[in-house]
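Below is one structure; the comments refer to it alone.
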Ligand code: HEC
Ligand code: HEC
Ligand code: HEC
Ligand code: HEC
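This is the structure we're talking about:
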């Protein structure tokens, strides 16, 4: 009864509760449908959520008239995965000091949307925001070599790019954070857009790219190659020496090329005595003394295709890629490997021994005094010595030290005999005790001009000190 009364007593209350729930359900359905409706196309999302800040149509204009970067050509510009990550809040800001730093704008986190909406926006970009000026496939990323990226990295600094766009070096952000961050540009941009931007940046943002204006066509290729690999670990670099041009290389054609292009300096029989040699310092390498088939193909390719400077050697060893093409370079390398096997090594200490002589005559230029005085700042721990050993024997680029200085450090590596003056004999303590740590540091970083000792500018200070720790263990 009580129950019944209760039931009778409460209906009004119940109705109110039900009505409320009803309202809530309707309301949320309404809100949801609102949401769903506007989410039904990317275009609608863009209109309602993005246009307050970004432009989607119009002519390029000064960044100082914009609230945010233009998205007029977003479909051609960004990789889809990056757009999704950006819009779902998984990417760091691009403009570290705020896009409108001139107005004292603080950096704000970019708005985010749920993944489903980000997908719709990306669809919209790809369908409607395509730039007809960008040729798909214009930049063939599959032909980029490591060396070209290295050149790009140099140009990036020489042309001041680093002054306004940060990149990552050894895991650290470096450069001026004025414009967009390019440290992960290989994961953000479509490379064809980057390339088109590079051809004339004014077509996108007026007064943003005059710095590229005096870069050569090849230089542009290198810079774009450099940007295209930023943020991409394990990028599959092109290795020309593994292509069909090398498979089908011809020794006979190579011999002809050698006669026409190389003998003028290196001599017809590879003795380094061509007509031009008398005026050159350093002297052309004596090919007859080099066992070419022991040298890494990557090194041979680079020194011939890109010239001496590309491997830290003298720029008077010309770059042949443009003259001979890929096939010509392959042919001439085939000729070198088939013809020159190196000279039999004389016993150390005997006349005619390429090195191994002790004490060793030494005319190396003195390092500047502030380097002379340096002592090795890292301890001679087993780990440091082993790290130095690995570089010396295997990993140093462009060429492992042992190729000239020899596995034992006695200066009798495969290339050693080709060089005048010969490589330093690190096993000779009489000579080595006269050479300071700082002197070695300087020569390893800068090379010994006029000799075969190349510059290893790409090694970090730490690596050079590790090498020196190792070299000190070789003296007997
Ligand atoms: C309140 C203004 C604002 C709104 C709204 C806004 N953005 Fe942005 N957006 C910016 C700013 C500022 C940047 C510069 C990047 C940064 O944060 O450093 C940016 C950067 C971007 C970038 C990278 C541009 C580049 O080339 O550097 C994309 C892509 C982008 N926004 C897409 C969108 C989309 C899509 C929407 C709508 C869903 C949107 N944004 C809404 C202000 C806004
Ligand atoms: C003095 C500063 C400055 C220098 C130096 C500079 N840039 Fe820029 N760069 C800009 C500005 C400004 C923009 C337009 C984007 C923006 O509004 O920040 C831009 C845009 C770009 C973009 C397109 C970015 C995007 O997402 O739209 C690339 C790529 C780029 N620069 C590469 C380079 C390269 C390569 C160099 C060197 C050759 C270089 N920049 C030198 C200021 C500079
Ligand atoms: C204008 C003169 C000149 C011409 C022409 C020339 N070279 Fe050289 N080459 C040099 C000089 C000088 C060096 C030594 C550079 C150094 O030690 O810094 C050198 C070094 C080399 C080396 C490196 C050997 C080493 O010690 O690592 C190779 C390989 C080589 N040349 C191949 C060629 C080939 C192949 C051709 C023809 C396609 C050629 N060179 C044409 C001047 C020339
Ligand atoms: C292509 C041959 C070649 C390669 C590779 C090479 N060197 Fe040398 N190195 C030489 C020659 C030649 C000399 C003698 C230079 C001279 O007489 O001035 C030399 C001299 C030196 C000296 C003595 C400097 C001095 O003041 O006497 C050091 C130290 C040295 N090399 C370290 C290295 C290290 C470390 C590596 C590897 C990272 C290396 N070299 C790779 C050819 C080479």
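In the working numbering, the protein residues as written are 7 to 482. By construction, the Cβ of each residue, glycine as well, lies at the ideal position given by its N, Cα and C atoms.
Does the Cβ of residue i have 16 or more other Cβ atoms within 10 Å, making it buried, or fewer, making it exposed?
i           : result
residue 53  : exposed
residue 463 : exposed
residue 71  : exposed
residue 309 : buried
residue 187 : buried
residue 312 : buried
residue 471 : buried
residue 412 : buried
residue 274 : exposed
residue 317 : buried
residue 331 : exposed
residue 192 : buried
residue 355 : Note that residue 355 scores 46 on pLDDT, short of 50, meaning its location in the model is unreliable; the coordinates nonetheless yield the value given after this. Classification of residue 355: exposed, given that the 10 Å Cβ count is below 16.
residue 420 : buried
Report the rounded CA-to-CA distance for residue i versus residue j, giving the unit in angstroms.
i           : j           : result
residue 383 : residue 469 : 12 angstroms
residue 444 : residue 374 : 9 angstroms
residue 385 : residue 75  : 50 angstroms
residue 107 : residue 210 : 20 angstroms
residue 158 : residue 364 : 43 angstroms
residue 429 : residue 437 : 12 angstroms
residue 296 : residue 208 : 50 angstroms
residue 140 : residue 82  : 7 angstroms
residue 178 : residue 465 : 16 angstroms
residue 395 : residue 302 : 18 angstroms
residue 415 : residue 403 : 17 angstroms
residue 293 : residue 342 : 8 angstroms
residue 183 : residue 169 : 8 angstroms
residue 481 : residue 418 : 15 angstroms
residue 126 : residue 407 : 55 angstroms
residue 366 : residue 434 : 8 angstroms
residue 387 : residue 474 : 12 angstroms
residue 217 : residue 123 : 38 angstroms
residue 315 : residue 304 : 15 angstroms
residue 281 : residue 271 : 6 angstroms
residue 422 : residue 410 : 4 angstroms
residue 85  : residue 234 : 12 angstroms
residue 181 : residue 321 : 29 angstroms
residue 442 : residue 371 : 13 angstroms
residue 236 : residue 279 : 44 angstroms
residue 379 : residue 249 : 49 angstroms
residue 447 : residue 453 : 10 angstroms
How would you write the range of the alpha helix (DSSP H) that residue i sits in, first residue to last?
i           : result
residue 319 : No alpha helix (DSSP H) contains residue 319, which DSSP labels as neither H nor E.
residue 448 : 443-452
residue 81  : 80-83
residue 262 : 257-263
residue 88  : 86-93
residue 124 : 121-134
residue 478 : 467-478
residue 251 : 250-253
residue 269 : 269-272
residue 378 : 375-378
residue 384 : Residue 384 -> no alpha helix (DSSP H), and no H or E assigned at all.
residue 239 : Unbroken run through residue 239: none, as it is neither H nor E.
In terms of residue numbering, what span does the beta strand (DSSP E) encompassing residue i cover?
i           : result
residue 179 : 178-180
residue 173 : 173-175
May I ask you to check if the CB of residue i is nearer than 7 angstroms to at least one heavy atom of ligand 6?
i           : result
residue 463 : The ligand content of the structure shown is limited to ligand 1, ligand 2, ligand 3 and ligand 4, which means ligand 6 is not among them.
Are any of the Cβ atoms in chain D nearer than 8 angstroms to that of residue i?
i           : result
residue 112 : Judged by its chain identifiers, the structure shown contains no chain D, having just a single protein chain.
Would you check if the stretch 114-123 and the stretch 91-100 touch, i.e. whether three or more CB-CB distances between them fall below 8 angstroms?
yes
Touch test, the stretch 228-235 against the stretch 183-201, Cβ-Cβ under 8 angstroms, three pairs minimum:
yes
Does the count of Cβ pairs from the stretch 148-159 and the stretch 99-115 closer than 8 angstroms reach three?
no
Check whether the stretch 278-298 and the stretch 452-460 are in contact - that is, three or more C-beta pairs closer than 8 angstroms.
yes
Would you call the stretch 256-266 and the stretch 232-244 touching, i.e. three or more CB-CB distances under 8 angstroms?
no
At what residue ranges does the stretch 140-228 contain a whole run of the beta strand (DSSP E), taking only runs of 3 or more?
173-175 and 178-180
Length at least 4, wholly inside the stretch 391-464: the alpha helix (DSSP H) runs in chain order
408-411, 435-438 and 443-452
Ignoring anything shorter than 4 residues, give me the alpha helix (DSSP H) runs that lie fully in the stretch 283-335, in order along the chain.
303-311
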